[in-house]
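Protein chains: 2
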Amino acid sequence: MNAPIPTSHLVPDIHPREVPVALMEALKKRFAERCSTALVVREQHGRDESSFEAPPPAAVVFAESTADVADAVKLAGDYSVPVIPFGVGTSLEGHLLAVQGGISIDVSRMNQVLSINAEDLTVTVQPGVTRKQLNEAVKSTGLFFPIDPGADATLGGMSATRASGTNAVRYGTMRENVLALQVVTASGDIIRTGTRAKKSAAGYDLTRLMVGSEGTLGVITEVTVRLYPLPEAISAAICSFPSIEAAVRTTIQIIQMGIPIARVELIDRNTVRMVNAYAHLSLREEPLLLMEFHGSPAGVKEQAELVQEIASEFGGNAFEWATTPEERTRLWTARHNAYFAAIQSKPGCRAISTDTCVPISRLADCLLDSVAEADASGIPYFLVGHVGDGNFHFGYLIDPSKPSEREIAEQLNHALVTRALRLEGTCTGEHGVGLHKMGFLVTETGAGAVDMMRSIKRALDPKNIMNPGKIFSL
Amino acid sequence: MNAPIPTSHLVPDIHPREVPVALMEALKKRFAERCSTALVVREQHGRDESSFEAPPPAAVVFAESTADVADAVKLAGDYSVPVIPFGVGTSLEGHLLAVQGGISIDVSRMNQVLSINAEDLTVTVQPGVTRKQLNEAVKSTGLFFPIDPGADATLGGMSATRASGTNAVRYGTMRENVLALQVVTASGDIIRTGTRAKKSAAGYDLTRLMVGSEGTLGVITEVTVRLYPLPEAISAAICSFPSIEAAVRTTIQIIQMGIPIARVELIDRNTVRMVNAYAHLSLREEPLLLMEFHGSPAGVKEQAELVQEIASEFGGNAFEWATTPEERTRLWTARHNAYFAAIQSKPGCRAISTDTCVPISRLADCLLDSVAEADASGIPYFLVGHVGDGNFHFGYLIDPSKPSEREIAEQLNHALVTRALRLEGTCTGEHGVGLHKMGFLVTETGAGAVDMMRSIKRALDPKNIMNPGKIFSL
């Protein structure tokens with residue numbers, strides 16, 4: 017807890033490159049009113065949901081096509097000026113901040129669903145399509161796209177950050193669900209990284225190199241993802257536990273038995289209180305597991321019975337079931353509102369989020385010690401977790417005007433990450449590295465692996481214009 | 017069918033680099049009798065299951081540790097001499113051929129299971145562990161490793177070629193199942209590409225960059241993979257169909273309905289005959305689907321009933337069930353013997369294998385036209401398919417002493433790949449590019465994507481010593 021925190025974890029290294037007038041003129045000429053330099057627009061594109069701040073980008077280009085993106089990248093490249101892809105701004109680790117200046121390329125207007133191939137369980141979309149929009153578009157086919165990071169993020173952004181969320185325990189993350197991408201490279205060329213075949217051994221896996229590259233290797237301009245048949249039966253349940261440990265041990269056993277649970281989410285007592293206050297609910301104020309089961313009616317029944325048996329061994333209380341879509345929506349909305357409920361519980365606060373993920377057998381060790389540390393710190397926090405994957409988030413609620421609170425929160429985070437790495441886990445299960453975890457990444461993977469990432473970056477982006485200053489320093 | 021075939025599809029481009037005496041002396045000094053220059057050893061390491069031939073490597077180093085591999089790579093790097101990792105030699109596309117000369121690094125003695133983490137459903141092994149050895153080692157834990165490419169390949173080789181096989185329809189390929197690797201890079205450094213956490217967003221996905229890189233970016237020296245609980249119930253069945261089309265349409269509907277079938281394999285009538293003759297079986301000589309269902313007893317029953325209903329709509333005959341482990345082993349041994357049965361059906365022949373994979377809705381189109389072409393050619397063939405993934409293999413049985421037969425087989429392959437690409441598929445579902453599909457790779461992904469692969473290769477292996485001349489030319 018008292019180890020010194022590298023300042024790179026606290027303050028981004030800001031050194032904007034100059035944006036030449038000639039570039040601004042060229043962008044204005046090419047994009048006219050779709051290139052905005054209005055301060056309010058730039059400011060909106062110069063931040064994300066992280067607690068970091070940096071001067072906004074010099075301009076925002078609203079792309080409407082892959083050709084727009086390619087032209088913007090080429091123009092920026094001519095002047096070695098950074099470009100930062102922007103979807104809807106829900107990233108959490110400072111990914112969108114113009115720490116080296118440059119141009120934001122907003123792809124939110126590229127929001128067409130290009131082709132639904134229901135018979136192949138695939139869909140191809142432009143990068144500005146959001147996950148809710150996608151699910152609306154495919155609803156009539158009887159299929160759905162399961163990845164649900166909470167925020168209504170874009171498919172481009174979700175790909176770029178290797179997002180996952182509540183359904184990943186059963187359906188995997190963006191890593192497993194992106195089949196192919198179209199990408200504008202640093203040179204402004206347009207490539208495709210794969211086909212619609214379900215599997216392939218055709219050369220280097222450029223798709224997965226791009227997924228999670230956080231805009232540092234290219235701008236994603238099309239995304240092909242897998243869809244799944246809507247389960248015949250869906251059932252959701254809440255179960256309360258006498259302690260976090262009991263909830264976690266229940267989860268561990270569910271996973272180890274191979275029960276194909278679709279969601280298993282932990283909410284701690286604190287957070288339940290915040291959610292109840294925010295959404296006028298009356299959830300039992302104890303550690304909860306929110307669960308969802310997908311399958312045939314018989315399969316869902318079987319899973320639910322097994323899970324109830326396990327939960328009761330650990331003192332879990334009677335399940336409350338939500339079987340209608342409305343009840344389920346209410347339940348998952350409560351879960352997704354945890355962040356906003358927490359923010360509202362301390363007016364003016366910012367949340368510093370953690371994102372560790374450990375092998376499931378280490379989950380109790382990792383979580384319980386960190387809860388004890390957080391309780392002892394006096395900093396209020398929320399705690400939610402995709403515990404079926406060994407992934408959980410503390411959100412330390414700090415007063416941004418008090419540097420000491422930020423420092424304590426970062427110390428807690430540092431202790432948690434150190435613990436997770438010792439337990440063979442990762443500093444980030446799903447949020448990405450961005451600005452916040454650059455130091456942790458080196459500790460986690462070792463300097464050699466980060467050097468390999470750097471070599472790839474230099475090879476594919478020799479001018480270092482693609483979202484520079486993120487993931488690692490060059 | 018009559019388009020000209022680039023000669024690169026037929027004959028590898030062979031230009032061995034000189035191996036200096038000083039390197040040979042240094043290797044002998046470091047590895048003593050574990051560095052062999054015996055012709056028989058070199059020849060055994062200079063070929064794989066492909067029909068290509070090239071002069072053997074100059075020496076074979078039998079590595080027993082990661083340090084051995086690192087030292088061998090460093091020594092070879094000092095003299096810019098190629099290194100080719102070797103497991104058990106079951107690759108199919110010329111991956112192991114020393115087309116640019118160099119040293120073979122045999123990792124088959126690195127065959128320790130390093131740690132079984134049953135409670136996390138993970139295991140870490142050395143690269144020379146084979147899949148059967150792995151399953152033997154984890155048997156007592158109630159877990160298993162599902163990836164089954166037929167051959168008893170090594171985990172290192174399976175990772176390097178992004179292998180899959182019969183179980184991939186349910187459990188995914190090596191892409192989805194490798195969690196982390198230890199890799200010796202071209203500079204002889206040792207890196208780790210991930211942790212044991214189930215998911216991670218920590219920087220570039222080096223794990224998946226290495227998986228499928230065919231030894232061209234590094235030598236894999238440790239593999240951490242996911243395990244799965246042995247299903248409570250397993251049931252296998254054979255169903256015969258009046259036509260390949262009926263079998264394929266049954267498969268398409270199974271997949272589109274989201275039935276979690278564990279295996280669904282097609283064998284055509286020809287191949288059934290060959291298998292019957294080879295293994296003294298009496299399988300019905302009609303197109304067959306071999307299927308396997310995993311789950312709870314009730315779940316397996318439910319899946320099997322649904323599949324029987326679908327099959328009977330397409331004229332599928334009464335299922336023959338295999339529920340005991342012995343019966344199942346017999347069934348899958350028959351499937352895995354298809355290759356050997358076919359080879360034996362035409363003494364002295366070599367098989368030229370295809371490996372296309374298409375979106376499931378295109379499977380019938382792709383397969384049926386190719387069957388018609390193959391039938392018209394007069395070249396005998398076998399046909400098996402992981403049809404649940406849209407992946408199938410023709411094996412054209414050619415007399416290697418008759419160039420005209422090879423040419424016809426390559427023309428059939430060319431027509432098939434062209435068709436698969438038109439149908440939004442890939443030239444290789446699971447065998448990799450090796451020497452055989454370098455031309456197809458460019459057609460499939462476009463020159464821009466291959467250029468990106470080349471840039472990565474140059475950045476990570478500036479002396480081009482890691483299995484050079486495979487996947488793409490430099």
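Chains C and W, in that order, give the protein sequences. FYI, in this note's numbering the residues of the first sequence are 17 to 490. FYI, in this note's numbering the residues of the second sequence are 17 to 490. Ideal Cβ positions, reconstructed from N, Cα and C, are used throughout, including at glycine. In this text the structure is predicted, and so the values were computed from the model without any measurement.
Test: residue i CB closer than 8 Å to a CB of chain W
{"i": "Leu215/C", "result": "Note that residue 215/C is Lys in the sequence shown here, rather than Leu. It does: the Cβ of Lys215/C has a partner Cβ on chain W nearer than 8 Å."}
{"i": "Ile1/C", "result": "Because chain C in this structure spans residues 17 to 490, residue 1/C falls outside the shown range and cannot be described."}
{"i": "Gly462/C", "result": "yes"}
{"i": "Val139/C", "result": "no"}
{"i": "Asn353/C", "result": "no"}
{"i": "Arg212/C", "result": "yes"}
{"i": "Ala19/C", "result": "Summary for Ala19/C: the model assigns pLDDT 47, below 50, so the residue's position carries little reliability; its value from the coordinates is reported in the next sentence. Closer than 8 Å: no."}
{"i": "Glu281/C", "result": "no"}
{"i": "Asn133/C", "result": "yes"}
{"i": "Ser180/C", "result": "yes"}
{"i": "Gly331/C", "result": "no"}
Where the alpha helix (DSSP H) containing residue i begins and where it ends
{"i": "Gln43/C", "result": "For the record, residue 43/C in the displayed sequence is Leu; it is not Gln. Element bounds for Leu43/C: 37–47."}
{"i": "Glu553/W", "result": "This structure does not reach residue 553/W, given that chain W is present from 17 up to 490, and the question cannot be answered."}
{"i": "Lys281/W", "result": "For clarity, residue 281/W is Glu in the given sequence; the question names Lys instead. Where Glu281/W is concerned, there is no enclosing alpha helix (DSSP H), although the beta strand (DSSP E) it sits in stretches over 279–283."}
{"i": "Gly311/C", "result": "From DSSP, Gly311/C is part of no alpha helix (DSSP H) but of the beta strand (DSSP E) over 304–311."}
{"i": "Thr267/W", "result": "260–272"}
{"i": "Ile472/C", "result": "463–476"}
Chain C contact for residue i (CB, 8 Å cutoff)
{"i": "Ser229/W", "result": "yes"}
{"i": "Thr23/W", "result": "Confidence at Thr23/W is low in this model, with a pLDDT of 42, below 50, so the placement of that residue should be treated as unreliable; the coordinate-derived value is given next. So, not an interface residue."}
{"i": "Cys51/W", "result": "no"}
{"i": "Val115/W", "result": "no"}
{"i": "Leu457/W", "result": "yes"}
{"i": "Pro484/W", "result": "no"}
{"i": "Pro165/W", "result": "no"}
{"i": "Asn505/W", "result": "Given a span of 17 to 490 for chain W in the structure shown, any question on residue 505/W remains unanswerable."}
{"i": "Ala475/W", "result": "yes"}
{"i": "His315/W", "result": "Residue 315/W is actually Gly in this sequence, not His. Yes, because at least one Cβ of chain C sits closer than 8 Å to the Cβ of Gly315/W."}
{"i": "Ala465/W", "result": "yes"}
{"i": "Leu222/W", "result": "yes"}
{"i": "Met469/W", "result": "yes"}
{"i": "Ile236/W", "result": "no"}
{"i": "Glu65/W", "result": "no"}
Among the options, the one whose alpha carbon lies nearest that of residue i
{"i": "Ala390/W", "options": "Thr372/W, Gly404/W, Leu222/W, Ile424/W", "result": "Ile424/W"}
{"i": "Gly110/W", "options": "Val403/W, Lys473/W, Leu476/W, Ala367/W", "result": "Ala367/W"}
{"i": "Asp477/W", "options": "Ala54/W, Val264/W, Lys90/W", "result": "Lys90/W"}
{"i": "Val403/W", "options": "Ser393/W, Arg422/W, Val374/W, Ile395/W", "result": "Val374/W"}
{"i": "Ile163/C", "options": "Ser124/C, Val241/C, Thr157/C", "result": "Val241/C"}
{"i": "His452/W", "options": "Asn133/W, Lys486/W, Thr434/W", "result": "Lys486/W"}
{"i": "Arg474/W", "options": "Leu233/W, Thr106/W, Ser124/W, Ala114/W", "result": "Leu233/W"}
{"i": "Ile10/W", "options": "Ile268/W, His447/W, Arg344/W", "result": "Outside the shown range of chain W (17 to 490) lies residue 10/W, about which nothing can therefore be said."}
{"i": "Pro245/W", "options": "Val123/W, Asp385/W, Leu399/W, Lys155/W", "result": "Lys155/W"}
{"i": "Ala79/W", "options": "Phe257/W, Ala114/W, Gln128/W, Pro36/W", "result": "Gln128/W"}
{"i": "Glu69/W", "options": "Gly93/W, Ile30/W, Thr459/W", "result": "Ile30/W"}
Chain-ordered neighbours of residue i on chain B, where CB pairs are closer than 9 Å
{"i": "Val449/C", "result": "The structure shown contains no chain B; the protein chains it does contain are C and W."}
Beta-carbon separation (whole angstroms), residue i vs residue j, contact threshold 8 Å
{"i": "Arg279/W", "j": "Asn151/W", "result": "The Cβ separation is near 15 Å, so there is no contact."}
{"i": "Ile364/C", "j": "Thr266/C", "result": "The displayed chain sequence assigns Gly, not Ile, to residue 364/C. Actually they are not in contact, since the Cβ atoms of Gly364/C and Thr266/C sit about 37 Å apart, beyond 8 Å."}
{"i": "Pro143/C", "j": "Thr201/C", "result": "Going by Cβ atoms, the distance from Pro143/C to Thr201/C rounds to 15 Å, so no, they are not a contact pair."}
Endpoints, the beta strand (DSSP E) within which residue i is located
{"i": "Ser120/C", "result": "119–122"}
{"i": "Pro341/W", "result": "Unbroken run through Pro341/W is the alpha helix (DSSP H), 341–352; no beta strand (DSSP E)."}
{"i": "Phe410/C", "result": "407–414"}
{"i": "Gly401/W", "result": "397–402"}
{"i": "Val200/W", "result": "194–200"}
Quiz prompt | Residues in the stretch 243–275 of chain C having any Cβ partner in chain W nearer than 7 Å | solution = Tyr244, Pro245, Gln272, Met273, Gly274
Quiz item: At a Cβ cut of 7 Å, what residues of the stretch 381–408 of chain C count as close to chain W, listed as they run along the chain?
Solution: Asp405, Gly406, Asn407
Practice problem: Closer than 9 Å, Cβ to Cβ, to anything on chain W: give me those residues from the stretch 417–431 of chain C, in chain order. | Solution: Flagged: no residues at all.
Quiz item: Got a sec: which bits of the stretch 289–320 of chain W sit with their beta carbon under 7 Å from any beta carbon on chain C, in order along the chain?
Solution: Ser312, Ala314, Gly315, Glu318
Quiz item: What residues in the stretch 368–379 of chain C bring their beta carbon closer than 7 Å to a beta carbon of chain W?
Solution: Cys373, Val374, Pro375, Ile376, Ser377
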